[in-house]
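K.L.:
Numbering (this note's numbering), first residue to last: 8 to 125. Glycine included, C-beta positions come from ideal geometry on N, C-alpha and C. I have a structure here, written as structure tokens, and I will follow up with some questions on it.
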Amino acid sequence: MDSCRWQLDAPLRGVEIAATPDGPPQRLDGFARKGRQLCFDPGHPTHPHWRLTYRPRRTAAELLFEPLDFAGVEFEVHLPTARQRLEGAAMDGESDLEADADRLARRLHTHASSSPGG
């Protein structure tokens, strides 16, 4: 995947990018006159296929188009909310407390029966 770089003599006003030669173009405009700006593929917001970097300067500007590698492994992570964590901790705490009490009782019983005079 090769990137493309252009040197511009004037500020960028807008860009049209099409995935295929006869496909509908996506238009990006509203570029600021200062500061580096990144635009990602709006057609694929969760897995962008390309990135556009625009760097305006006093005498010239630079535009860089980079295809992105979107193949690979996708991970999905589900995090509990604070309420779920608190409710889960209360439930887990009760069951753990019962299990701990049972283990302690068995230990005490075993210790008491194995100690001299017990």
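Cα separation between residue 73 and residue 16?
P.N.:
On the sequence shown, residue 73 is found 66 positions in, with the first residue counted as 1. On the sequence shown, residue 16 is found 9 positions in, with the first residue counted as 1. In a straight line, the C-alpha of residue 73 is about 21 Å away from that of residue 16.
K.L.:
In three-state terms, what does DSSP make of residue 13?
P.N.:
The residue given as residue 13 occupies position 6 in the sequence shown. Reduced to three states, the DSSP call for residue 13 is strand.
K.L.:
Is it right to say residue 93 is buried, meaning 16 or more other beta carbons lie within 10 angstroms of its own, or is it exposed?
P.N.:
As a first step, residue 93 is located in the sequence shown; it is residue number 86 there, counting from the start. Under this definition residue 93 is an exposed residue.
K.L.:
Going by other Cβ atoms of all chains shown within 10 Å of its Cβ, with 16 needed for buried, is residue 13 buried or exposed?
P.N.:
To locate residue 13, count along the sequence shown from 1; it is residue 6. Classification for residue 13: exposed.
K.L.:
Output the boundary residues of the beta strand (DSSP E) element that contains residue 25.
P.N.:
Reading the sequence shown from its first residue, position 18 is the one you call residue 25. That residue, residue 25, is in no beta strand (DSSP E); it is neither H nor E in DSSP.
K.L.:
What are the residues that DSSP puts in a beta bridge with residue 74?
P.N.:
Counted from its first residue, the sequence shown places residue 74 at position 67. For residue 74, which the question treats as bridged, DSSP gives the partners 57.
K.L.:
Could you check whether residue 19 and residue 38 sit closer than 7 Å to each other, using their CB atoms as the reference points?
P.N.:
Locating residue 38 in the sequence shown gives position 31, counting from the first residue. Locating residue 19 in the sequence shown gives position 12, counting from the first residue. It is a contact, given that the beta carbons lie within the stated cut-off.
K.L.:
Do residue 33 and residue 55 come within 7 Å of each other at the CB atom, strictly closer than that value?
P.N.:
For the purposes of this step, residue 55 is identified with residue 48 of the sequence shown, where counting begins at 1. For the purposes of this step, residue 33 is identified with residue 26 of the sequence shown, where counting begins at 1. No, they are not a contact pair.
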